[in-house]
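K.L.:
Counting from 1, one number per residue, gives the positions in the sequence shown under my numbering. Glycine residues also receive a C-beta, built at the ideal position from the N, C-alpha and C atoms.
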Amino acid sequence: MSKEKWRSVIVCLTVLSLVGMPALGADVTYDIISQAKEYIGQDGGTCKAFINQVIADIGGQVGSATTLGYRDAYLKYGFVEVNQPQQGDVIQTSNPSLNHFWESDSKIYHSAFYEQLVEGSLSTYWVVDSNFSDSSDQLVRYHQWDPYTFVAARAGHQVYFYRLIIGRDGNGRYSKWILQAYFRHGGFSSIGLPFDNGAGTNTHQWYSANGLASVVTQDFYNSGTDKYYAIINSESVGKAFLLKEGFRWLYTSNPNAPYEYGEPLTDEIKNWTDTTGRFGVTGKIYDAIQLFDLVVMLWDGTTLEIKPRNGFIIAIIPGDGQNLDVVTYAQSAHAIYITYNAITGANRYAILLNGSVVVETSTLEYTATGLTPDTDYLVQVAALDTGGNQITASVQEIVRTPVEIDDTRSDIGLSVSADSLNIYVTWGAFPEVSFAIILLNGVVYDSTSNN
């Protein structure tokens, strides 16, 4: 390489930098077949009950107690029928009778989780199931099964494959947070099914255009209502939240939204009154607002607005006075913020962490401090009357404090070299950083989890 050419490369490298991103939080992603294998040797109940249990473990559903595991239930709970199975899909043998598409259909003979094709076979599979029809018990087994030979001996039966597509990533793993949010908001009948908004139908990391931030998301479309939705994970809160209608449009239409807005901190909150005039007019009632890391989105029935959040928290969640709702998330590696709605007849509220009361307070918000980094906490709030008797309690929420990162460190051990065709860059490894973004001349060149 000539001296002049090397000098030009050096000039380019003077603006090359690495941006360390905190390791992703505690969203639990599942491989269905591994989860199913956890039950091997145990009593799994009927084959349909076992399928439902495993799907429930990862945050999903396959029907109610009365519609459990029937064909129509699969199609209404985020599954689609496929021609060729992949690991974790459900194999079902059933009789396409006149009521085949109804949840009351009782013509199902057996259901199992597919793992892989037996080597050298075209129709025999390795499966995990319970209450296999040729056994006299309800043990969960891992074994070979040819469902085609199975149905050939049972008049009218056929083989079907169902795949859960809610919360599924490109590697066939499932996000529990996205599944929970999907069913929390009504599932298929309300949100529909995943659709391709430019990055495929799977859950995916959406990077902002400047490459400096990303969110994990999945897009949805309800063909019956012609409405679009997005579910986005919040690492700080430890759950996923639904974006709909105008708020979804505001978010997804900004190519830098993950960087400029951050992750959602709440679902849409209805009928909020700006009692202090923080966002413009004192006493103004907004039809809906939604909080994000950096902004608040507001809708007054006519105008959509985005305002800087600047630490704003809704301390009083609109409620019906009977049911206790909680919004909680990690503020730092050592603190969790908790806020909740007022309950009729309540004198004070007990804040519980991991089942133990840490404080009783008359206010509608509390920050628990002195916590351990990178730790799950069960958060619950109970409303108490003047005698200390419990009126009602919230459901338990799991919040994970983030890893404590030493953001005072400036030397990342960057090393750069070059030959006539390539530039070689290495840097130090840090346990709390999940990937680095490489910028060349101020423009994002690549991102990588390697160093």
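Over what stretch of residues does the alpha helix (DSSP H) that includes ALA257 continue unbroken?
P.N.:
257–260
K.L.:
Rounded C-beta distance between ALA383 and ALA346? I'm assuming under 8 Å.
P.N.:
4 Å
K.L.:
Looking only at its own chain, which residues have a Cβ that is under 6 Å from the Cβ of SER362, when we skip the five neighbours before and after it?
P.N.:
Contacts found: ARG348.
K.L.:
For the candidate residues VAL358, PRO147, LEU364, whose alpha-carbon lies nearest to that of LEU371?
P.N.:
VAL358
K.L.:
If I'm right that TYR114 touches ASP146 with Cβ under 8 Å, what's the distance once you round it to whole angstroms?
P.N.:
Contact flag wrong, Cβ pair sits at about 12 Å.
K.L.:
Return the chain-ordered list of same chain residues with a C-beta closer than 7 Å to the C-beta of LEU250, the five sequence neighbours on each side being excluded.
P.N.:
MET297, LEU304, ILE306
K.L.:
Between the Cα of ASP129 and the Cα atoms of PHE247, TYR142, LEU122, which residue gives the shortest distance?
P.N.:
Checked all of PHE247, TYR142, LEU122; the closest Cα to ASP129 is TYR142.
K.L.:
With distance defined between alpha-carbon atoms, name the residue in GLY262, ASN131, PHE247 nearest to GLN290.
P.N.:
PHE247
K.L.:
Output the distance between the C-alpha atoms of ASN455 and GLY41, rounded to the nearest integer angstrom.
P.N.:
The displayed coordinates of the chain run from 1 to 451. Any statement about residue 455 would go beyond what the structure contains.
K.L.:
Buried or exposed for GLU260, please, with buried defined as at least 16 other CB atoms from any protein chain shown within 10 angstroms of its CB.
P.N.:
buried
K.L.:
Leaving out five residues on either side along the sequence, give the residues of the same chain with a beta carbon under 6 Å from the beta carbon of GLY170.
P.N.:
ASN202
K.L.:
Taking ILE91 and PHE188 to be in contact with their CB atoms under 8 Å, please state how far apart those CB atoms are, rounded to whole angstroms.
P.N.:
That belief does not hold up - the Cβ atoms of ILE91 and PHE188 are roughly 22 Å apart, past 8 Å.
K.L.:
Only counting the same chain, and skipping five residues up and downstream in sequence, which positions put a Cβ closer than 7 Å to that of GLU355?
P.N.:
Reading off the sequence, residue 355 comes out as Gly, not Glu. Excluding sequence neighbours, GLY355 sits near LEU378.
K.L.:
For the pair the stretch 205–216 and the stretch 265–272, tell me if three or more CB-CB distances fall below 8 Å.
P.N.:
no
K.L.:
Label GLN218 either buried or exposed according to how many other C-beta atoms from any shown protein chain fall within 10 Å of its C-beta, with 16 as the threshold for buried.
P.N.:
It is buried - the Cβ of GLN218 has at least 16 other Cβ atoms within 10 Å.
K.L.:
How about VAL140 and TYR39: do their beta carbons lie closer than 9 Å?
P.N.:
yes
K.L.:
Secondary structure at ASN52, three-state DSSP: helix, strand or coil?
P.N.:
helix
K.L.:
Could you tell me which whole beta strand (DSSP E) segments of length 3 or greater appear in the stretch 273–339?
P.N.:
Taking only runs of at least 3 residues, the beta strand (DSSP E) segments lying wholly in the stretch 273–339 are 284–291, 295–299, 304–308, 326–332.
K.L.:
Tell me, which residues are paired with ASN222 by DSSP?
P.N.:
LYS227
K.L.:
Leaving out five residues on either side along the sequence, give the residues of the same chain with a beta carbon under 6 Å from the beta carbon of GLU245.
P.N.:
none
K.L.:
Please list the terminal residues of the continuous beta strand (DSSP E) segment that includes TYR182.
P.N.:
That residue, TYR182, is in no beta strand (DSSP E); its alpha helix (DSSP H) goes 176–184.
K.L.:
For ALA240 versus SER332, is the C-beta distance shorter than 9 Å?
P.N.:
Between ALA240 and SER332, the gap from beta carbon to beta carbon reaches 9 Å or more.
K.L.:
Taking the continuous alpha helix (DSSP H) assigned at TRP249, which residues delimit it?
P.N.:
245–252
K.L.:
For ALA330, is the classification buried or exposed, using 16 other Cβ atoms within 10 angstroms of its Cβ as the cut-off for buried?
P.N.:
A buried status is given to ALA330, since no fewer than 16 other beta-carbon atoms sit within 10 Å of its beta-carbon.
K.L.:
Determine the extent of the alpha helix (DSSP H) in which ILE32 is found, giving its start and end residues.
P.N.:
Start and end: 32–37.
K.L.:
Please report the distance separating the alpha-carbon of GLY167 from that of TRP272.
P.N.:
30 Å
K.L.:
Below 8 Å on the Cβ atoms is my guess for ILE191 versus PHE220; work out the distance and round it to an integer in Å.
P.N.:
At roughly 5 Å, the Cβ-Cβ gap stays under 8 Å, so ILE191 and PHE220 are in contact.
K.L.:
Verify whether the separation of the beta carbon atoms of GLN380 and VAL395 is less than 9 Å.
P.N.:
yes
K.L.:
Do GLN144 and VAL151 have their beta-carbon atoms positioned less than 9 Å apart in this structure?
P.N.:
no
K.L.:
Does the beta-carbon distance from GLY60 to TYR77 come in below 9 Å?
P.N.:
At the C-beta level, GLY60 and TYR77 come within 9 Å of one another.
K.L.:
Leaving out five residues on either side along the sequence, give the residues of the same chain with a beta carbon under 6 Å from the beta carbon of ALA335.
P.N.:
THR367, THR369
K.L.:
May I ask which residues mark the beginning and end of the beta strand (DSSP E) holding SER417?
P.N.:
415–418
K.L.:
Would the C-beta of ILE55 count as close to the ligand ATP, meaning under 8 Å from any of its heavy atoms?
P.N.:
With respect to the ligand ATP, the structure shown offers nothing to examine, as it has no ligands at all.
K.L.:
Just verifying my parser: in three-state terms, what is the DSSP assignment at PHE188?
P.N.:
helix
K.L.:
Does the distance from the CB of ARG163 to the CB of PHE50 come in under 9 Å?
P.N.:
no
K.L.:
Beta-carbon separation of GLY156 and ASN233 under 9 Å?
P.N.:
No, the Cβ-Cβ distance between GLY156 and ASN233 is not below 9 Å.
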